[in-house]
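The listed protein sequences correspond, in order, to chains A and B. Using the working numbering, the first residue of the first sequence is number 1, and each one after it goes up by one. Using the working numbering, the first residue of the second sequence is number 1001, and each one after it goes up by one. For glycine and all other residues, C-beta sits at the position ideal for the given N, C-alpha and C.
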Amino acid sequence: MSIDTLNFTPWSALFGGVLIGAAAAMLILLNGRIAGISGIVGGLLRPTPGDNFWRIAFIAGLVVAPAVYGLFYARPNIQINADSAALIIAGLLVGIGTRFGGGCTSGHGVCGISRLSPRSMAATGIFMALGFITVYGMRHL
Amino acid sequence: MIVISFFSGLLFGLGLIISGMANPAKVLGFLDLAGKWDPSLMLVMGGAISVGFFAFLYVGRRKTTLRGTKIKLPMAISSGCDNFAQQAFSYLKQALRAGRPGLLTSLSTEFVNNRPPIHFYLPNTCTSTPEYIAGA
């Protein structure tokens, strides 16, 4: 295993992470909700009255973020090497998997671990391990 | 509630973009342990948790937020898929133990032994794969 020194961006990663943590902190301290993206979207698919607008607002914020970023900096380079069919299948798998697992990298990984939840730590460890294994299988076998 | 959610989402999105996590190649770089490994995602989570930890420490088991609204924290909810997952695992275990290939085991051994190259599954990538993904 060699470190990819060319693409490793420690400071922006750290700073971006702090922003993500701040966003999650804002949501729990001011709105009392967990900033788990798969949970927020998932909750919209089974709408309960009165619980939907904040979800739509959060997602709107996410969607608008690249445009806001683009006002100040050049949009970053995005590399996607899958065709549309693969993306759709991948999205479906993510959707199903996050509902089975009860959360995603923001729900379990950020909020759950911040709460020192053993369930979230286990979930994060498991999906990361499977991510490592899957990428190994697809790139090195 | 709506305004705060919007700005929280906006901040979250900006964090994703600035940290590089909006680029799938960076995430794949973190997951590629055997190739060139990009530890960035680890730092992103570290940065997020170092802030989130204090927020959730303050929240604890409180019922109300700073504004006085209700807090909704998940407490060990079953996703309802435990039965399904348990059954799936037990079938897999049975098939492996009996040496009798079930659909899953025969598919996976077939996959490992006679796997077509990856571009067979993703037709467009062989014409548009940069060196970074191709495993430089």
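Less than 8 Å between the CB atoms is what I'm expecting for residue i and residue j, so what's the real figure, rounded?
i, j, result
"A/Thr124", "A/His108", "5 Å"
"A/Cys104", "A/Ile37", "6 Å"
"A/Ala57", "A/Ser106", "The pair is not a contact, with the Cβ atoms about 16 Å apart (cut-off 8 Å)."
"A/Ile114", "B/Phe1053", "Here residue 114 of chain A turns out to be Ser, not Ile, going by the sequence shown. About 5 Å; that satisfies the 8 Å criterion."
"A/Phe53", "B/Ile1004", "Incorrect: roughly 12 Å between the Cβ atoms, too far for contact."
"A/Ser120", "A/Gly112", "2 Å"
Can you list, in chain order, the residues of its chain with a C-beta nearer than 8 Å to that of residue i? Leave out the 5 residues immediately preceding and following it.
i, result
"A/Asp83", "none"
"B/Met1042", "Phe1030"
"B/Phe1012", "none"
"A/Ala86", "none"
"B/Ser1128", "Residue confidence is low: B/Ser1128 scores 42 on pLDDT, short of 50, so the model does not pin down where it sits. Its coordinate-derived value is still stated next. Nothing meets the Cβ criterion."
Look at the Cβ atom of residue i, then the Cβ atom of residue j, and state whether they are nearer than 8 Å.
i, j, result
"B/Gly1020", "A/Ala24", "no"
"B/Met998", "A/Val18", "Missing from the structure shown is residue 998 of chain B; chain B here goes from 1001 to 1136 and no further."
"B/Ser1008", "A/Leu27", "yes"
"B/Ile1049", "A/Gly16", "no"
"A/Gly61", "B/Gly1047", "no"
"A/Tyr136", "B/Ala1034", "yes"
"B/Asn1023", "A/Pro118", "no"
"B/Asp1038", "A/Arg139", "no"
"B/Ser1040", "A/Thr9", "yes"
Going by other Cβ atoms of all chains shown within 10 Å of its Cβ, with 16 needed for buried, is residue i buried or exposed?
i, result
"A/Phe100", "exposed"
"A/Asp4", "buried"
"A/Ser2", "exposed"
"B/Cys1126", "With a pLDDT of 38 at B/Cys1126, under the threshold of 50, the predicted position of this residue should be treated as unreliable, though the coordinate-derived value follows. Counting Cβ neighbours within 10 Å, B/Cys1126 comes out exposed, since fewer than 16 surround it."
"A/Ile78", "exposed"
"B/Ala1098", "exposed"
"B/Leu1057", "exposed"
"A/Ile80", "exposed"
"B/Leu1010", "buried"
"B/Ala1085", "exposed"
"A/Ile126", "exposed"
"A/Gly102", "buried"
"A/Gly70", "exposed"
"A/Leu6", "exposed"
"B/Phe1006", "buried"
"B/Ala1055", "buried"
"B/Leu1028", "buried"
"A/Leu45", "exposed"
Near residue i, what residues of its chain come up, given a Cβ to Cβ distance below 7 Å and the 5 sequence neighbours on each side ignored?
i, result
"A/Gly43", "Asp51 and Arg55"
"B/Ile1071", "Val1059, Arg1062, Lys1063, Thr1064 and Thr1065"
"B/Leu1016", "Ala1022"
"B/Leu1122", "Legend: pLDDT at B/Leu1122 = 46, less than 50; position of this residue unreliable, value from coordinates given subsequently. Once the five neighbours on either side are set aside, B/Leu1122 has no close Cβ partner at all."
"B/Leu1014", "none"
Going along the chain, which residues of its own chain have a beta-carbon closer than 6 Å to the beta-carbon of residue i, five neighbours each way excluded?
i, result
"B/Ala1136", "Note that B/Ala1136 scores a pLDDT of 38, beneath 50, so its modelled location is shaky; the value from the coordinates is reported in the next line. Around B/Ala1136: no qualifying Cβ."
"A/Met128", "none"
"A/Ala74", "none"
"A/Ile40", "Arg55 and Phe58"
Please check if any C-beta of chain D sits within less than 8 Å of the C-beta of residue i.
i, result
"B/Ser1019", "As a matter of chain content, chain D is missing from the structure shown, whose protein chains are A and B."
message: Check whether the segment 56-75 of chain A and the segment 87-99 of chain A are in contact - that is, three or more C-beta pairs closer than 8 Å.
response: no
query: Are the segment 1050-1070 of chain B and the segment 26-41 of chain A touching by the rule of at least three beta carbon pairs closer than 8 Å?
result: yes
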